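In what follows, a single structure is set out as structure tokens and then discussed.
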Amino acid sequence: MTDTFDCFKAYDVRGRIPDQLNETIARQIGQAYAEVIDPGTVVVGHDIRLTSERIKAALIDGLREQG
0 MTDTFDCFKA
10 YDVRGRIPDQ
20 LNETIARQIG
30 QAYAEVIDPG
40 TVVVGHDIRL
50 TSERIKAALI
60 DGLREQG
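Every letter in the sequence shown is one number past the one before it in numbering that gives the first Met the number 0, and letter 57, counting from 1, is 56.
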């Protein structure tokens, strides 16, 4: 696993699981987004990959942890 956020691309967030993107990183992204942007409502989508549900759940957990 890398210590940098290699999962940030020019127009989206994606990466190799678990090296560039995993549940920990997804949770941190959710926390940071909620803290910096202070969103009211967030829509989270995903593709059909088997890992998508875990990554989505971690992102949502991070969003909720920040309020």
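Just so it is clear, CB atoms sit at the ideal spot from N, CA and C, and this is done for glycine as well. The structure displayed is predicted, hence computed values, not measured ones.
Drop a sphere of 10 angstroms on the beta-carbon of residue i, count the other beta-carbons inside from all chains shown, and report buried for 16 or more, exposed for fewer.
i     : result
Met0  : With a pLDDT of 49 at Met0, under the threshold of 50, the modelled position of that residue is not reliable, and no figure is offered here.
Ile24 : buried
Ile36 : exposed
Ile54 : buried
Can you tell me the Cα-Cα spacing of residue i and residue j, whole angstroms?
i     : j     : result
Leu49 : Gly39 : 29 Å
Leu62 : Ala9  : 22 Å
Gly14 : Ala56 : 17 Å
By alpha-carbon positions, which one of the options ends up nearest to residue i?
i     : options                : result
Gln65 : Gly29, Ser51 and Ile16 : Gly29
Using only the heavy atoms of the ligand FMN, determine whether one of them is closer than 8 Å to the beta carbon of residue i.
i     : result
Ile28 : The model depicted lacks the ligand FMN and carries no ligand whatsoever.
Who are residue i's beta bridge partners in DSSP?
i    : result
Phe7 : Val12
Helix, strand or coil for residue i, going by three-state DSSP, please let me know.
i     : result
Gln65 : coil
Val43 : coil
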